[in-house]
Amino acid sequence: SQTIHQWPATLVQPVGSPLSLECTVEGTSNPNLYWYRQAAGRGLQLLFYSVGIGQISSEVPQNLSASRPQDRQFILSSKKLLLSDSGFYLCAWSVSGGIGHTIYFGEGSWLTVV
Amino acid sequence: GQQVMQIPQYQHVQEGEDFTTYCNSSTTLSNIQWYKQRPGGHPVFLIQLVKSGEVKKQKRLTFQFGEAKKNSSLHITATQTTDVGTYFCAGPGYSGAGSYQLTFGKGTKLSVIP
């Protein structure tokens, strides 16, 4: 069966510090991969998605970036965090080859920028 | 881009009362999905509706897809404290950045008063 792992689960970072959140998926090949952000008490905002290694599409311009160095690995990064980057970050995957497929979320990473 | 609108944003009910959340799209959807996010958790897929007028049940949860495939509803009969969480609908559509994605509504946060 497929599983998705995301880490770290929580982190507190000072403004201006770098960020790296990592996500891996097991049990499937060539998945679509996603990074979402959820501000406190709000909806899901799609940040990045990837349909393959090295293929990243950004949905919202910001100081975050994403990379996919391996088929089942997705990384969210920032060189300098802002206060507004605080939130709940969710990695997710879906099967490749179309739209409307179910999205499976990781357990999320709580980021507090202080 | 295509938006999936969800109402109400919040709902407080007494345990045992019924609950309904509604999802509307300006465009016809090929399918619609529902997710539940428990407090502090990550969204979990509940169900997918594909056919016009489709009705599906999961114990006390009833999901409907409108005849025009532009709206959907989730109805919970006799709510329990375990139903607490945020319910999201999601449908395929074009994002603000122009990509074709599964687009989530902003969710309905359900509170159940014991």
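Chains as they are written, first to last, in this note's numbering: chain A, 43 to 156; chain B, -2 to 111. A virtual CB, placed ideally from N, CA and C, is assigned to each residue, including glycine. As the structure is a computational prediction, the values presented were derived from the model and not from experiment.
Beta-carbon gap between S120 of chain A and P60 of chain A smaller than 8 Å: Counting from one through the first sequence, the residue named residue 120 of chain A turns up at place 78. Counting from one through the first sequence, the residue named residue 60 of chain A turns up at place 18. Yes, the pair counts as a contact, with Cβ atoms nearer than the cut-off.
Chain B contacts made by the region 51 to 85 of chain A, where a contact means CB separation under 9 Å: Contact annotation: in the region 51 to 85 of chain A, residues whose CB is within less than 9 Å of a CB in chain B are Y76, Y78, Q80, G83, R84, G85.
Three-state secondary structure (DSSP) of S126 of chain A: Here residue 126 of chain A refers to the residue found at position 84 when the first sequence is read from its first residue. Reduced to three states, the DSSP call for S126 of chain A is helix.
For G63 of chain B, the first and last residue of its enclosing beta strand (DSSP E): Position 66 of the second sequence, counted from the first residue, corresponds to residue 63 of chain B. From DSSP, G63 of chain B is part of no beta strand (DSSP E); its letter is neither H nor E.
Proximity below 8 Å, CB of T154 of chain A to CB of S126 of chain A: For the purposes of this step, residue 154 of chain A is taken as the residue at position 112 of the first sequence. For the purposes of this step, residue 126 of chain A is taken as the residue at position 84 of the first sequence. No, Cβ-Cβ distance for T154 of chain A and S126 of chain A is not below 8 Å.
Unbroken beta strand (DSSP E) run spanning N21 of chain B, endpoints: For the purposes of this step, residue 21 of chain B is taken as the residue at position 24 of the second sequence. For N21 of chain B, the enclosing beta strand (DSSP E) starts and ends at 16 to 22.
Boundaries (first-last residue) of the beta strand (DSSP E) holding S107 of chain A: Residue mapping note: residue 107 of chain A aligns to position 65 of the first sequence, counting from 1. 106 to 112 is the extent of the beta strand (DSSP E) around S107 of chain A.
For P89 of chain B, the residue or residues it bridges with in DSSP: Locating residue 89 of chain B in the second sequence gives position 92, counting from the first residue. In the DSSP assignment, P89 of chain B is bridged to B:L99.
Straight-line gap, S49 of chain B to K67 of chain B (C-alpha atoms, nearest Å): Numbered from its first residue, the second sequence carries residue 49 of chain B at position 52. Numbered from its first residue, the second sequence carries residue 67 of chain B at position 70. C-alpha separation (whole angstroms): 9 Å.
Three CB pairs or more closer than 8 Å across the region 21 to 30 of chain B and the region 38 to 53 of chain B: By the Cβ criterion, the region 21 to 30 of chain B is in contact with the region 38 to 53 of chain B, since at least three pairs of Cβ atoms, one from each stretch, lie closer than 8 Å.
Beta-carbon proximity check, Q3 of chain B vs G102 of chain B, cutoff 8 Å: By 1-based counting over the second sequence, the position of residue 3 of chain B is 6. By 1-based counting over the second sequence, the position of residue 102 of chain B is 105. In this structure, Q3 of chain B lies near G102 of chain B, with their beta-carbon atoms less than 8 Å apart.
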